[in-house]
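Line by line, the protein sequences are chains A and B.
The first sequence stops at residue 256 when you use the working numbering, and every number in between is there.
The second sequence stops at residue 256 when you use the working numbering, and every number in between is there.
In this text, a Cβ means the ideal position worked out from N, Cα and C, and glycines have one as well.
All figures in this text were calculated on a predicted structure; none of them were measured in a lab.
Number of protein chains: 2
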Amino acid sequence: MSKKRPFLTERELFENGHKYFLPHVSIDNVIFGFHENELKVLLLQWKENKRWCLPGGFIYRDEDVEEAAIRVLKSRTGLDNIYLQQFYTFGDPHRERGKHSTTKPKAAKAASWFMERFVTIGYWALVEFSKVVPKPDEFSEACSWSDIDKVPELILDHNNILDKALQSLRLNLNDYPVGKDLLPPKFTMPELLRLYETILGKALDRRNFQKKILALDILERLEERKLGGAHKAPFLYRFDQRKYERAMKQGLKFGL
Amino acid sequence: MSKKRPFLTERELFENGHKYFLPHVSIDNVIFGFHENELKVLLLQWKENKRWCLPGGFIYRDEDVEEAAIRVLKSRTGLDNIYLQQFYTFGDPHRERGKHSTTKPKAAKAASWFMERFVTIGYWALVEFSKVVPKPDEFSEACSWSDIDKVPELILDHNNILDKALQSLRLNLNDYPVGKDLLPPKFTMPELLRLYETILGKALDRRNFQKKILALDILERLEERKLGGAHKAPFLYRFDQRKYERAMKQGLKFGL
Chain A
1 MSKKRPFLTE
11 RELFENGHKY
21 FLPHVSIDNV
31 IFGFHENELK
41 VLLLQWKENK
51 RWCLPGGFIY
61 RDEDVEEAAI
71 RVLKSRTGLD
81 NIYLQQFYTF
91 GDPHRERGKH
101 STTKPKAAKA
111 ASWFMERFVT
121 IGYWALVEFS
131 KVVPKPDEFS
141 EACSWSDIDK
151 VPELILDHNN
161 ILDKALQSLR
171 LNLNDYPVGK
181 DLLPPKFTMP
191 ELLRLYETIL
201 GKALDRRNFQ
211 KKILALDILE
221 RLEERKLGGA
231 HKAPFLYRFD
241 QRKYERAMKQ
251 GLKFGL
Chain B
1 MSKKRPFLTE
11 RELFENGHKY
21 FLPHVSIDNV
31 IFGFHENELK
41 VLLLQWKENK
51 RWCLPGGFIY
61 RDEDVEEAAI
71 RVLKSRTGLD
81 NIYLQQFYTF
91 GDPHRERGKH
101 STTKPKAAKA
111 ASWFMERFVT
121 IGYWALVEFS
131 KVVPKPDEFS
141 EACSWSDIDK
151 VPELILDHNN
161 ILDKALQSLR
171 LNLNDYPVGK
181 DLLPPKFTMP
191 ELLRLYETIL
201 GKALDRRNFQ
211 KKILALDILE
221 RLEERKLGGA
231 HKAPFLYRFD
241 QRKYERAMKQ
251 GLKFGL
């Protein structure tokens with residue numbers, strides 16, 4: 001699907017980027033990382049002013065918007081084949097780099113297209129963060145994970161974009177399954193519960209959760225049990241691949 | 001919130017619209033009408049080629065995207081204070097009027113901005129259709145309701161936009177309450193059930209629905225009963241205003 005694209009120097013991007021990209025439209029990716037019961041988000045730090053922001057980018061004039069989001073995800077994380085969810089488009093008229101002098105890269109001062117208003121389309125992804133190799137883009141000097149509750153003040157409306165993404169991720173748990181790329185292929189019910197609790201940021205009733213998630217009919221209980229614990233060995237489960245994929249298309253009715 | 005805007009002739013719009021509006025970004029509204037257990041959608045018919053489309057519009061350079069959606073909703077329906085839900089942004093690179101000659105208004109042939117690629121932001125609204133006075137825009141000769149299952153072939157990807165809006169409206173029933181502007185202030189459980197069944201396009205289990213919706217704690221059962229039926233008079237309910245509004249902000253866990 002993706003195409004070879006020309007390499008643009010920073011100067012070429014600022015001065016002539018609008019010849020390659022749609023003006024006024026951008027994408028921003030909220031990349032959530034999950035690992036050992038922690039939820040994190042991937043942030044970039046700008047070279048010029050050291051401020052933090054979400055990884056984002058522009059859309060080539062002949063490129064599908066979702067392809068652009070996938071391209072940005074891949075170039076920041078190295079990951080392919082990750083489920084990306086479009087969650088909201090941010091259309092505040094004050095979304096202009098020109099109005100926020102602290103976010104102005106020097107070289108961009110004369111670049112009108114870059115400094116004008118952008119409507120930005122937000123996507124989120126949920127990835128196993130130990131698989132990610134964070135990589136800064138051309139404007140940034142750092143790309144790293146932040147704990148979800150320790151995110152600094154970000155540029156423009158990026159804190160708001162992050163909040164809305166987290167809200168969407170949580171609502172999404174009611175409508176779609178989650179976990180296939182975040183848990184080992186065989187897992188216990190307590191492990192699955194912890195995944196949901198971590199994303200939701202709150203404790204869930206264990207019995208109620210088990211009853212509801214089994215009723216969704218996407219799990220297969222295996223004959224083997226997890227060994228090694230002090231207590232009675234818990235059952236192992238795995239996702240039924242076919243049913244999981246169908247649920248990703250048709251949606252669920254979880255009612256968490 | 002809304003501002004007085006200059007009146008643009010059709011010619012001025014085609015030739016100089018990009019001076020007033022953001023190029024490459026538009027909004028499209030999917031306006032669902034509900035009345036007497038029927039679900040309908042509001043469509044426009046273009047003057048030039050008689051083809052049907054969704055009501056949409058452009059975004060003034062200093063206008064919030066949501067304000068633009070509200071402005072278009074108001075100008076097509078006369079309605080104010082309607083809940084609008086942004087549901088998806090459509091970013092296919094082939095969304096260009098220039099590539100679809102049958103949708104090309106004569107006067108627009110020379111107007112490059114109008115014929116170029118547009119990323120469109122979709123909103124849906126659900127209105128009591130007897131309150132609506134449908135009004136064509138400057139490109140259309142008709143504005144009227146279509147039964148949801150008798151929608152003709154629409155321009156560009158508008159059938160796809162409609163499908164996605166309906167899907168979003170249905171998923172939304174799991175997460176937010178509905179009905180305050182669509183039912184009389186006092187209603188029976190069968191009337192509320194029919195509203196949900198009509199939107200979902202399928203029958204629901206009566207007892208299960210009643211149990212689940214009462215558990216949401218947004219309804220108040222009144223002392224009075226509905227009179228006039230042959231059977232035992234059913235109880236009347238109304239929405240608890242404060243709880244309904246809180247649920248619109250915080251979301252529900254319906255699990256329909």
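| task | State the DSSP-derived secondary structure class of N16 of chain B, mapped to helix, strand or coil. | result | Taking the second sequence and counting its residues from 1, the one referred to as residue 16 of chain B is at position 16. Helix.
| query | In chain B, what lies closer than 7 Å to L88 of chain A by C-beta? | reply | Your numbering for residue 88 of chain A matches position 88 in the first sequence. In the sequence as presented, Leu is not what sits at residue 88 of chain A; that position holds Tyr. Going along chain B in sequence order, the residues near Y88 of chain A (Cβ under 7 Å) are Q86.
| field | Span of the alpha helix (DSSP H) around L204 of chain A | value | Taking the first sequence and counting its residues from 1, the one referred to as residue 204 of chain A is at position 204. Run containing L204 of chain A: none; DSSP gives neither H nor E here.
| Is the Cβ of I121 of chain A closer than 8 Å to any Cβ of chain B? | Here residue 121 of chain A is taken as the residue at index 121 of the first sequence, counted from 1. For I121 of chain A, the answer is yes, since a Cβ of chain B falls inside 8 Å of its Cβ.
| Quick one: is D163 of chain B near chain A, going by C-beta distance under 8 Å? | The count along the second sequence starts at 1 and reaches residue 163 of chain B at position 163. So no, D163 of chain B is outside the interface.
| Partners in chain A for E63 of chain B, counting only beta-carbon separations shorter than 9 Å | Working through the second sequence from its first residue, we reach residue 63 of chain B at position 63. Near E63 of chain B (Cβ distances below 9 Å), the residues of chain A are G91, P93.
| query | With a cut-off of 8 Å, does the C-beta of K226 of chain B fall near any C-beta of chain A? | reply | One-based indexing of the second sequence puts residue 226 of chain B at position 226. Taking Cβ atoms only, chain A never reaches closer than 8 Å to K226 of chain B, which makes this a no.
| Whole-angstrom distance between E66 of chain A and K43 of chain A, CA atom to CA atom | Position 43 of the first sequence, counted from the start, is the residue given in the question as residue 43 of chain A. Position 66 of the first sequence, counted from the start, is the residue given in the question as residue 66 of chain A. It is Leu, not Lys, that sits at residue 43 of chain A in the sequence shown. Between L43 of chain A and E66 of chain A, the C-alpha separation is close to 20 Å.
| query | If you measure beta-carbon to beta-carbon, which residues of the segment 168 to 190 of chain B are closer than 8 Å to chain A? | reply | L171, N174, D175
| task | Give the residues of chain A in contact with H24 of chain B, contact being defined as C-beta atoms less than 8 Å apart. | result | Looking up residue 24 of chain B in the second sequence gives position 24. Result: L22, P23, H24, V25.
| Residues within the segment 235 to 253 of chain A neighbouring chain B, beta-carbon criterion of under 7 Å | G251, K253
| Taking the alpha-carbon positions, what's the D62 of chain A to W124 of chain B distance? | Taking the first residue of the first sequence as position 1, residue 62 of chain A is located at position 62. Taking the first residue of the second sequence as position 1, residue 124 of chain B is located at position 124. Taking the straight line from one Cα to the other gives about 27 Å.
| field | Every unbroken beta strand (DSSP E) inside the segment 40 to 127 of chain A [3 residues or more] | value | 56 to 60, 84 to 90
| Where does P177 of chain A land, buried or exposed, given buried means 16+ other C-beta within 10 angstroms? | One-based indexing of the first sequence puts residue 177 of chain A at position 177. The residue is buried, with at least 16 neighbouring Cβ atoms inside 10 Å.
| Should T103 of chain B go down as buried or exposed, given a rule of 16 or more other Cβ atoms within 10 Å for buried? | As a working note, residue 103 of chain B is residue 103 in the second sequence. Residue placement at T103 of chain B cannot be trusted, given a pLDDT of 46 that sits under 50; what the coordinates show is reported in the next sentence. By the neighbour-count rule (16 or more Cβ atoms within 10 Å), T103 of chain B is buried.
| field | Sequence-distant residues of the same chain with beta carbon closer than 8 Å to Y244 of chain A, five excluded per side | value | Residue numbering aside, residue 244 of chain A sits at position 244 when the first sequence is read from its first letter. Cβ neighbours of Y244 of chain A beyond the five flanking positions: P177, K180, I218.
| Exposure label - Q86 of chain B; buried when at least 16 CB within 10 Å | Locating residue 86 of chain B in the second sequence gives position 86, where the first residue counts as 1. It counts as buried.
| query | In the DSSP assignment, what residue or residues form a beta bridge with G33 of chain A? | reply | Position 33 of the first sequence, counted from the first residue, corresponds to residue 33 of chain A. DSSP, once it has assigned bridges, lists A:K40, A:V127 as partnering G33 of chain A.
| field | Rounded distance between the beta-carbons of D163 of chain B and K40 of chain B, thought under 8 Å | value | Position 40 of the second sequence, counted from the first residue, corresponds to residue 40 of chain B. Position 163 of the second sequence, counted from the first residue, corresponds to residue 163 of chain B. In fact, because the Cβ distance is near 15 Å, the residues do not count as touching under 8 Å.
| request: Would you kindly work out how many angstroms separate the C-alpha atoms of S130 of chain A and K131 of chain B, rounded to a whole number? | output: Counted from its first residue, the first sequence places residue 130 of chain A at position 130. Counted from its first residue, the second sequence places residue 131 of chain B at position 131. Using only the alpha carbons, I get a separation of about 55 Å.
| For the candidate residues B:R76, B:I213, B:P185, whose alpha-carbon lies nearest to that of G57 of chain B? | Position 57 of the second sequence, counted from the start, is the residue given in the question as residue 57 of chain B. When each option's Cα is compared against that of G57 of chain B, the closest is B:R76.
| query | If P23 of chain B sits next to W145 of chain B, beta carbons under 8 Å apart, how far is it from one beta carbon to the other, in whole angstroms? | reply | Against the second sequence, residue 23 of chain B aligns to sequence position 23. Against the second sequence, residue 145 of chain B aligns to sequence position 145. That belief does not hold up - the Cβ atoms of P23 of chain B and W145 of chain B are roughly 32 Å apart, past 8 Å.
| message | I'd like the list of long-range same chain contacts for S101 of chain B, defined as Cβ closer than 8 Å, with 5 residues on each side in sequence excluded. | response | In the second sequence, counting from the first residue as 1, residue 101 of chain B sits at position 101. Caution is warranted here: a pLDDT of 47 is assigned to S101 of chain B, below 50, making its placement in the model unreliable, and the coordinate value is therefore given only provisionally. Contacts found: none.
| Contact under 8 Å by Cβ, L169 of chain B with I213 of chain B | Translated into the one-based positions of the second sequence, residue 169 of chain B becomes position 169. Translated into the one-based positions of the second sequence, residue 213 of chain B becomes position 213. It is not a contact, given that the beta carbons lie outside the stated cut-off.
| query | Nearest CA to the CA of K47 of chain A: which residue from A:A142, A:F34, A:K74? | reply | If you number the first sequence from 1, residue 47 of chain A lands on position 47. Checking every option, the nearest Cα to that of K47 of chain A belongs to A:A142.
| Length of the line joining the Cα atoms of N37 of chain B and M189 of chain B | In the second sequence, counting from the first residue as 1, residue 37 of chain B sits at position 37. In the second sequence, counting from the first residue as 1, residue 189 of chain B sits at position 189. The straight-line gap from Cα to Cα measures roughly 14 Å.
| If you draw a straight line from the alpha carbon of G33 of chain A to that of P184 of chain B, how long is it in whole angstroms? | In the first sequence, counting from the first residue as 1, residue 33 of chain A sits at position 33. In the second sequence, counting from the first residue as 1, residue 184 of chain B sits at position 184. Their Cα atoms are separated by approximately 47 Å.
| message | Nearest by alpha-carbon distance to L79 of chain A: which of A:K135, A:R221, A:N159, A:K202 is it? | response | For the purposes of this step, residue 79 of chain A is taken as residue 79 along the first sequence, with counting starting at 1. It is A:K135.
| query | Is it right to say D205 of chain A is buried, meaning 16 or more other beta carbons lie within 10 angstroms of its own, or is it exposed? | reply | What you label residue 205 of chain A is simply residue 205 of the first sequence in a count that begins at 1. With fewer than 16 Cβ atoms within 10 Å of its Cβ, D205 of chain A is classed as exposed.
| message | Determine whether the beta carbon atoms of Y60 of chain B and R5 of chain B lie at a separation below 8 Å. | response | Locating residue 60 of chain B in the second sequence gives position 60, where the first residue counts as 1. Locating residue 5 of chain B in the second sequence gives position 5, where the first residue counts as 1. For Y60 of chain B and R5 of chain B, yes; Cβs fall inside 8 Å.
| Short Cβ contact (8 Å threshold) for D157 of chain B with F90 of chain B | Within the second sequence, numbered from 1, the residue matching residue 157 of chain B stands at position 157. Within the second sequence, numbered from 1, the residue matching residue 90 of chain B stands at position 90. Contact flag set, yes.
| request: Leaving out five residues on either side along the sequence, give the residues of the same chain with a beta carbon under 7 Å from the beta carbon of R194 of chain B. | output: Indexing the second sequence from 1 puts residue 194 of chain B at position 194. Once the five neighbours on either side are set aside, the close Cβ partners of R194 of chain B are N37.
| field | Buried or exposed by the 16-neighbour rule on C-beta atoms within 10 Å, applied to A69 of chain B | value | Here residue 69 of chain B refers to the residue found at position 69 of the second sequence. Label assigned to A69 of chain B: buried.
| Nearest to I82 of chain B by alpha carbon, out of B:I121, B:V127, B:E223? | Taking the first residue of the second sequence as 1, we reach residue 82 of chain B at position 82. Answer by Cα proximity: B:V127.
| said: I'd like to know if S101 of chain A contacts chain B, where contact means its C-beta is closer than 8 Å to some C-beta of that chain. | reply: Counting from one through the first sequence, the residue named residue 101 of chain A turns up at place 101. Because S101 of chain A sits at a pLDDT of 47, beneath the cut-off of 50, its placement in the model cannot be relied upon, and the point is left open.
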